[in-house]
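Please read the structure below before turning to the comments.
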Amino acid sequence: MRLHRLDLTAFGPFGGSQSVDFDALSAAGLFLLHGPTGAGKTSVLDAVCYALYGAVPGARQSGQGMNLRSDHAEARTRTEARLELTVAGRRLEITRQPPWERPKLRGKGTTVDKAQTWLREYDGAAGAWKDRSRSHQEIGEEITRLLGMSREQFCQVVLLPQGDFARFLRADAEARGRLLGRLFDTQRFADVEKRLAERRRATEARVREGDAALLADAHRMQQEAGDAMELPELAPGDPGLAAEVLGAAAVARSTARERLTVAHCRLGSAESAHATAQHALREARELARLQGRLAEARQRAERLEERAGDHREAQQRMERARKAEAVAPALELREAAEAEHHRAGRAEAQARAALPGSRADAGASGLAAAARRATEELGGLDTARRAEQRLADLREERAGLGRQERADEDALREADAWLADWDTTRAALQARVDSAQEAATRAEQLAVQRDPMRRRLTAARTRDELAADLAEAQRRALASEQRALDARAHWLDLKEQRLTGIAAELAAHLTDGEPCAVCGATEHPAPARKDAGHVDRATEDDALAAHQRAEDRHGEDERRLGVLREALAAATAEAGDTPTARLATEADELERHYARARRDASALHAAHEELRRTEQERDQRLADRQQAAVRAAARLTRRESLEREQALLEEELAQARGAAESVAARAAQLEREAALLTRAADAVRAAADTAQRLKEADARLADAAYRAGFETPRAAAAALLDAAAHRELQHRLDAWQNEEAAVRAVLAEADTAAAARQAPADPATAERTADTAERRLREAASARDAAARCCAELDRLSARAAAAVRTLAPLRDEYDRVARLAALTAGTSADNERRMRLESYVLAARLEQVAAAATVRLQRMSSGRYTLVHSDDRTGRGRSGLGLHVVDAWTGRERDTATLSGGETFFASLALALGLADVVTDETGGVRLDTLFIDEGFGSLDDQTLDEVLDVLDSLRERDRSVGIVSHVADLRRRIHAQLEVVKGRSGSVLRLRGVG
277 MRLHRLDLTA FGPFGGSQSV DFDALSAAGL FLLHGPTGAG KTSVLDAVCY ALYGAVPGAR
337 QSGQGMNLRS DHAEARTRTE ARLELTVAGR RLEITRQPPW ERPKLRGKGT TVDKAQTWLR
397 EYDGAAGAWK DRSRSHQEIG EEITRLLGMS REQFCQVVLL PQGDFARFLR ADAEARGRLL
457 GRLFDTQRFA DVEKRLAERR RATEARVREG DAALLADAHR MQQEAGDAME LPELAPGDPG
517 LAAEVLGAAA VARSTARERL TVAHCRLGSA ESAHATAQHA LREARELARL QGRLAEARQR
577 AERLEERAGD HREAQQRMER ARKAEAVAPA LELREAAEAE HHRAGRAEAQ ARAALPGSRA
637 DAGASGLAAA ARRATEELGG LDTARRAEQR LADLREERAG LGRQERADED ALREADAWLA
697 DWDTTRAALQ ARVDSAQEAA TRAEQLAVQR DPMRRRLTAA RTRDELAADL AEAQRRALAS
757 EQRALDARAH WLDLKEQRLT GIAAELAAHL TDGEPCAVCG ATEHPAPARK DAGHVDRATE
817 DDALAAHQRA EDRHGEDERR LGVLREALAA ATAEAGDTPT ARLATEADEL ERHYARARRD
877 ASALHAAHEE LRRTEQERDQ RLADRQQAAV RAAARLTRRE SLEREQALLE EELAQARGAA
937 ESVAARAAQL EREAALLTRA ADAVRAAADT AQRLKEADAR LADAAYRAGF ETPRAAAAAL
997 LDAAAHRELQ HRLDAWQNEE AAVRAVLAEA DTAAAARQAP ADPATAERTA DTAERRLREA
1057 ASARDAAARC CAELDRLSAR AAAAVRTLAP LRDEYDRVAR LAALTAGTSA DNERRMRLES
1117 YVLAARLEQV AAAATVRLQR MSSGRYTLVH SDDRTGRGRS GLGLHVVDAW TGRERDTATL
1177 SGGETFFASL ALALGLADVV TDETGGVRLD TLFIDEGFGS LDDQTLDEVL DVLDSLRERD
1237 RSVGIVSHVA DLRRRIHAQL EVVKGRSGSV LRLRGVG
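One rule links them: number in the working numbering = place in the sequence shown (from 1) + 276.
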């Protein structure tokens, strides 16, 4: 940094505008800034500091710059400080105006204008100044970046105001470290410390996160295992946590397996007890059914006994009706005879004409006898016709009974065959239900495993893709890092070449008769020439821009690499180390098992329904078999009755039919013959014969009634029944017989009789016992399932915990390694005996160079007595590495710099500041300090020491530096010719240059 010009207006004690040509003062190398006390010597340095940083040193900064305004200035003159300087190869002009309270343009009173700042840069190619910024923040950041120092550091190293230049000499290690770090650009080493500390914290956080996840799994295992697992009293990050958790998990798994074995045993016992209870329940229900059936049969028998009298009366009435049927023809014949008595006369001629020739001449008695015989025979055939119809009905009924019997026999055989296989069928159906139920349970268990397996497979695929991307990103990061290093090396080479040929670049702007910007001469006899490989500023800027772009690309590649590493670590933590193909195979196998379990479980409802339908069919078949048995008993009674009636009818019909094919044919023949004979007889005998026949009919009727067992024909007529009454009475008799047969069949059953001999059945108690056994079975099954789920869950969580421990092992190793490195670079490790940080270690080397450079001047100032040395010793509980001691050649002892006297402290501090400026200038990338100011302290030196100090300061011209001494010591005005005098007056101070061309 080199100052060229300072312009002040209404600043501090200067009421008007003042200018300082630092180029003219610096040409002598050593110049004096002097003036009476209070004239404003320090205000010149304040103006330099304010122009650069927008603030003045130390306690003089207050009121946001409002106090910088001169009290001698006119009301409408604005305070301003303008500084022209060269820093980092750039010529800049900074103009700052603090806030200004000025009179209002209109009206009375004042108003405050905001502070203003301008930054301009001189463009040598265009030969003009260019505006760069008007932002306070941007300008402040740019100046701080170019100088590499804050305001406080600038005041300490460059200005050294008001006798405080011994502060750096007496500063502690931390303060020295902060200043030297900015001057020597050691931020990268601090960044290394910070990066290692961040990596340590990040790795520790990941380890703690992994341990927290491990403890979370352990707590879930404890929830599953209950009192079978005790967790260790450890927190995430504690050593030995993984081993303790895995040990506790192993104990929990063993206990869970023992509980599962006990649950299996209890389930077997419960199943046996349940089967026994179900068998007892079935037997109790069957016994209750048989006993109820017997009680019902006895009640039915009692009801039959109560209706026995009515049944006997019905039987007697039916018997009288059958007897009366024999008298019915006689009754009909009498009626016919009576009718024929009236028709006899009319029909005689017609009747004889119709008679065959053999009977046409027969007498009335013969015809009458023949007619009687035919009529009597025909009367007997009426009963035979009814008997023949009854016989046909009997045969059809018997055929129906046979068909019913065969149908019942077929149904009984089918039912017996079906019921014979009932136990096997029910066992098979129950097995289907149990199999489907087990498949449903298995499907639920597999469904729980599907999502974790899918996530692991997705994470594994992501892990494989990220691994490939990581390799590519590493390659790109290495390539971009190499390009950045090459770009930096190229930029530094060009910068060094440009600095080497800077004389030729400056000579290019020389004009005859115009002063040189370096030496001030107006004649330029031998200006430097540019060689063939000269590097100009544009080339250097292009190289710097290329280096910055390469650094940006490298930073972006590093950030992308870090993102990929974190994503890969997350995917690996989720998927583990299992290959993707194996996980895919396991996932496919799990899906197949799940699909098969779902398919098998889908048959559960159908199996339940089929079992229910089969049980209903069994009950129906049992009921049908019982009804068939009842029908068989009824058929037996009915068949016996029909057989007896059929035998009687067949015997009767055989007599009535004679030689005819049927009773109907015989009746038709007799009817024709009787009709002819009757008509003929009637015609012959007329009314007498008809009356005689009627009498005879009466006699036959009486005879028939007597033979039938009736006292009178009227009684026989009363005993006759019409068809509806006959059917109703027959139905009542048949119903009674069927009921009697059914009751006898039930009472004759062997199992019913055996059930009657047993004690009354108690199905309610058996049902309660069966319900208790079933409840205990469900509880045992639930306990077994819970134990199995506990085992499975503990196995799963233990496997995940083991995988997490394996995954965390490399991370723990990395954390141990990074923690050791971070502690070592931070100076907190036991291996770092001097507790020296990495940045302090680097700065210690630089401070050692500073001490060596300062010693060269300190020995000259102290006549060879004092030497500054660097010390690595620790001070109290602080860190070591940045200590400074002074070696006294007169005593041969090394002592602390705080033991120096006032004058010794001054020139030792001055030597240290000059040495620091030399080392900073020599350090590549550091800040070149071409202008220094020393404020006060010379009054503490004797004449000999003062001469030696001035000789040292004067020698700085060899390194193209200038030093301004701020002092009111009169002897310095005689020794230093180039002077900047501050003259104090009533209207404000003014500046005057003396001893310069």
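Cβ coordinates follow ideal geometry from the N, Cα and C atoms, glycine included.
Please read all numbers here as calculations on a predicted model, not as lab measurements.
query	result
So, are the CB atoms of E741 and R774 less than 7 angstroms apart?	no
Pick helix, strand or coil for Q438, following the three-state DSSP scheme.	Its pLDDT being 39, under 50, Q438 is placed unreliably in this model, and the coordinates cannot settle the point.
State the CB to CB distance for the pair G311 and H348, rounded to an integer number of angstroms; the pair is presumed to be in contact (CB under 8 angstroms).	Actually they are not in contact, since the Cβ atoms of G311 and H348 sit about 16 angstroms apart, beyond 8 angstroms.
Measuring alpha carbon to alpha carbon, tell me which of A910, R1044, D1027, S411 ends up nearest R674.	A910
Alpha carbon to alpha carbon, how far is M594 from L1005?	7 angstroms
Could you tell me which residues DSSP puts in a beta bridge with P379?	T386
With a 10 Å radius around its C-beta and 16 neighbouring C-beta atoms as the bar for buried, classify V1162 as buried or exposed.	buried
On the three-state DSSP scale, how would you describe K771?	helix
What number of angstroms, rounded off, separates the C-alpha of G439 from the C-alpha of R836?	Legend: pLDDT at G439 = 47, less than 50; position of this residue unreliable, value from coordinates given subsequently. Taking the straight line joining both Cα atoms gives about 53 angstroms.
The ligand GDP and L746: does the residue's C-beta get closer than 6 angstroms to at least one heavy atom of that ligand?	Only the bare structure without any ligand can be found here, which leaves the ligand GDP out of the picture.
Does the segment 1074-1084 come close enough to the segment 407-427 to have 3 or more Cβ pairs within less than 8 angstroms?	no
In the DSSP assignment, find the unbroken alpha helix (DSSP H) run with Q254 in it and report its ends.	Only positions 277 to 1273 of the chain appear in this structure, which leaves residue 254 out of reach.
Which runs of the beta strand (DSSP E) spanning at least 3 residues fall entirely within the segment 849-933, listed in chain order?	none
Hey, which unbroken runs of the alpha helix (DSSP H) at 4 residues or more fall wholly within the segment 1061-1146?	1114-1137
Tell me the start and end of each unbroken alpha helix (DSSP H) in the segment 453-503 that is at least 4 residues and wholly inside, in chain order.	463-501
For the beta strand (DSSP E) containing S346, name the first residue and the last one.	First-last for S346: undefined, no H or E at that position.
In the DSSP assignment, find the beta strand (DSSP E) that holds L423 and state where it starts and stops.	Not the beta strand (DSSP E): L423 falls in the alpha helix (DSSP H), residues 412-423.
So A846 and R732 are in contact, right, with Cβ under 8 angstroms, and what is the actual spacing, rounded?	Not a contact, Cβ separation roughly 13 angstroms.
If the criterion is Cβ atoms closer than 7 angstroms, does the pair A1254 and G1240 meet it?	no
Where do the ends of the beta strand (DSSP E) carrying K1260 lie?	Premise fails: K1260 is in no beta strand (DSSP E) and is neither H nor E.
Taking the Cβ atom as the reference point for each residue, do A760 and A826 lie within a distance shorter than 7 angstroms?	yes
Suppose you measure from the CA of A1037 to the CA of Q902; what does that come to, to the nearest Å?	21 angstroms
Would you decide whether A999 is buried or exposed? Buried here means 16 or more other CB atoms lie within 10 Å of its CB.	exposed
Taking the beta carbon of D493 as the centre, do at least 16 other beta carbons fall within 10 Å, making it buried, or is it exposed?	buried
Can you confirm whether the segment 1006-1017 touches the segment 548-559 when touching is taken to mean that 3 or more C-beta pairs between the two stretches lie within less than 8 angstroms?	no
Just the C-alpha distance for S545 and A532, rounded to the nearest angstrom, thanks.	20 angstroms
Which residues mark the beginning and the end of the alpha helix (DSSP H) in which L543 is found?	517-582
Report the option in A357, L1123, D586, R352 whose CA atom is closest to the CA atom of D283.	A357
State the DSSP-derived secondary structure class of S1243, mapped to helix, strand or coil.	coil
Within the continuous beta strand (DSSP E) that includes A992, where are the two ends?	Looking at the DSSP string, A992 is not in any beta strand (DSSP E); the run it does join, the alpha helix (DSSP H), is 989-995.
Per DSSP, what are the beta-bridge partners of R427 in this structure?	Paired residue(s): none; R427 is not in a bridge.
If we count the other Cβ atoms within 10 Å of its Cβ and call it buried at 16 or more, is F316 buried or exposed?	According to the sequence as given, residue 316 is Gly; it is not Phe. Flag for G316 reads buried.
Pull up the CB-CB distance for L677 and A1031, whole angstroms please, since I reckon it's below 8 angstroms.	At roughly 31 angstroms, the Cβ-Cβ gap does not stay under 8 angstroms, so L677 and A1031 are not in contact.
Can you tell me where the beta strand (DSSP E) with T1175 in it begins and where it stops?	T1175 -> no beta strand (DSSP E), and no H or E assigned at all.
Express the C-alpha separation of A488 and Q554 in angstroms, rounding to a whole number.	53 angstroms
Taking the alpha carbon of Q713 as the reference point, which residue from H830, C1066, H881 has its own alpha carbon closest?	H881
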